[in-house]
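If you're matching them up, the sequences are chains Z, R, B, D, V and F in order.
Heads up: the first sequence begins at 857 in our numbering, then just goes up one per residue.
Heads up: the second sequence begins at 857 in our numbering, then just goes up one per residue.
Heads up: the third sequence begins at 857 in our numbering, then just goes up one per residue.
Heads up: the fourth sequence begins at 857 in our numbering, then just goes up one per residue.
Heads up: the fifth sequence begins at 857 in our numbering, then just goes up one per residue.
Heads up: the sixth sequence begins at 857 in our numbering, then just goes up one per residue.
Quick reminder that beta carbons are idealized off the backbone N, C-alpha and C, glycines included.
It should be emphasised that the depicted structure is a prediction, and the values quoted were computed from it without experimental measurement.
Below is one structure; the comments refer to it alone.
Number of protein chains: 6
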Amino acid sequence: MANETWLPTLITKTPQEGFELAVKLSRMGVKSTQPDVEILKKLRPEYANSADGLTAASQVIALNYQTISTANGYWR
Amino acid sequence: MANETWLPTLITKTPQEGFELAVKLSRMGVKSTQPDVEILKKLRPEYANSADGLTAASQVIALNYQTISTANGYWR
Amino acid sequence: MANETWLPTLITKTPQEGFELAVKLSRMGVKSTQPDVEILKKLRPEYANSADGLTAASQVIALNYQTISTANGYWR
Amino acid sequence: MANETWLPTLITKTPQEGFELAVKLSRMGVKSTQPDVEILKKLRPEYANSADGLTAASQVIALNYQTISTANGYWR
Amino acid sequence: MANETWLPTLITKTPQEGFELAVKLSRMGVKSTQPDVEILKKLRPEYANSADGLTAASQVIALNYQTISTANGYWR
Amino acid sequence: MANETWLPTLITKTPQEGFELAVKLSRMGVKSTQPDVEILKKLRPEYANSADGLTAASQVIALNYQTISTANGYWR
Chain Z
857 MANETWLPTL ITKTPQEGFE LAVKLSRMGV KSTQPDVEIL KKLRPEYANS
907 ADGLTAASQV IALNYQTIST ANGYWR
Chain R
857 MANETWLPTL ITKTPQEGFE LAVKLSRMGV KSTQPDVEIL KKLRPEYANS
907 ADGLTAASQV IALNYQTIST ANGYWR
Chain B
857 MANETWLPTL ITKTPQEGFE LAVKLSRMGV KSTQPDVEIL KKLRPEYANS
907 ADGLTAASQV IALNYQTIST ANGYWR
Chain D
857 MANETWLPTL ITKTPQEGFE LAVKLSRMGV KSTQPDVEIL KKLRPEYANS
907 ADGLTAASQV IALNYQTIST ANGYWR
Chain V
857 MANETWLPTL ITKTPQEGFE LAVKLSRMGV KSTQPDVEIL KKLRPEYANS
907 ADGLTAASQV IALNYQTIST ANGYWR
Chain F
857 MANETWLPTL ITKTPQEGFE LAVKLSRMGV KSTQPDVEIL KKLRPEYANS
907 ADGLTAASQV IALNYQTIST ANGYWR
């Protein structure tokens, strides 16, 4: 992860692209803790099929979207 | 999701419409993690009938409402 | 919910009225996920008699109070 | 609660008094959800003797302290 | 706690000292809810040996570090 | 930890390096609560192989990334 550029900028063209970047940051937060893609694949059903897990994922996205929205001046 | 525009702007006319947009963002955070609508329908009773699940949902909405309120200058 | 105005403004006269509005926003976050008042009544003892549930409720109120305090310039 | 003034201002003299106000706000968030003091007393051991419950309480205080610190210009 | 000064200022010399203050605030949040030091000592292994407990502790520190970083102008 | 400098600055060259610093802060939050490296190693599988644990870790990173992004003016 350290060797490839995956986050060149926080600036996006639209609010929606910003939301997609927030989703990406949330995933990279997971990946930085568990880099093994095989394990991540195995865990996916555990939260993607759990109401609590999905709400928690949405919460992390909301936090990252706060950061990205501020960075972009709220696309005003 | 990437192909259709569902978030053209964070600007709303009133504080209440802003709250409704926060609810929408919270749902899209869930949907971006679990895009399968059938699974989402099946999971709905799991949190919509659980006090903890509803409080957690309200927390995500509160975070997204922080973003939207700032974007709108708090409708002052 | 969409048809009646329940949030005309984030501005309140005092810090305490602002706190009451934060409580209201937290409840509306729950209601927007579960609009059935009968189910909400049934769930109430589940969190109102649970230490964890009450702390979680207080957390959502704290988040909404951040928003409302900023909107009101902290009533300075 | 609505009838007595318990939060006249967010301004405090020192950072430490601000922290104490954050503790108070966190408790009022609980009380606004469960006003029955007898039930609250019964629940107290449930979180005051649980590591998870205490960490959660500290989290709510941290959120309210963000609000109060901003209101006071960080006492600089 | 009310009688001794433990938080005279939010200002620190370095980002790292600010982090240490955030750790302290997080602990004082716990202590304000459970002042009995003997009980706190007994609970310590409960979260210091639990992955979830440690992540939750780190989250409270992160929230308090947001406050302290802002107070210090990010030590720029 | 108090004796060595591990956080000289919040400033990073790029958004991605800032994210890596947010990961580091999140780990130091854990370490400040449980400094015993052997115990931390034993606990690692507990959260690195749990969907909930990984989402919680990503949430702490998101909070710390808010701090670091602000410190860096969002690298604009």
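Where the alpha helix (DSSP H) containing residue i begins and where it ends
i: Z:Lys869; result: Element bounds for Z:Lys869: n/a, residue is neither H nor E.
i: D:Glu902; result: Val893 to Ala904
Helix, strand or coil at residue i according to DSSP, with G and I counted as helix
i: F:Thr911; result: helix
i: D:Trp931; result: helix
i: D:Glu876; result: helix
i: R:Gln922; result: helix
i: B:Thr889; result: helix
i: B:Trp862; result: coil
i: R:Val916; result: helix
i: V:Met857; result: Unreliable placement is indicated for V:Met857, whose pLDDT of 48 sits below 50; the coordinate value is still reported in the next sentence. Of the three classes helix, strand and coil, the one that applies to V:Met857 here is coil, per DSSP.
Of the listed residues the options, nearest to residue i (C-alpha basis)
i: F:Tyr930; options: Z:Pro864, Z:Val879 and Z:Asn859; result: Z:Pro864
i: Z:Val916; options: Z:Pro891, Z:Pro901 and Z:Phe875; result: Z:Phe875
i: Z:Leu877; options: F:Leu881, F:Gln872, F:Val879 and F:Ala907; result: F:Gln872
i: B:Asn928; options: D:Leu896, D:Leu866, D:Val879 and D:Glu860; result: D:Leu866
i: D:Lys898; options: B:Ile895, B:Ala907, B:Trp862 and B:Thr861; result: B:Ala907
i: D:Pro891; options: B:Arg932, B:Thr926, B:Trp862 and B:Arg900; result: B:Arg900
Beta-carbon proximity of residue i to residue j, cut-off 8 Å
i: V:Ala913; j: V:Tyr921; result: no
i: R:Thr870; j: R:Ile924; result: no
i: Z:Gly885; j: F:Ala918; result: yes
i: F:Ser882; j: V:Val879; result: no
i: D:Asn905; j: V:Ile895; result: yes
Minimum Cβ-Cβ distance from residue i to chain C less than 8 Å
i: F:Trp931; result: Among the protein chains of the structure shown, namely Z, R, B, D, V and F, there is no chain C.
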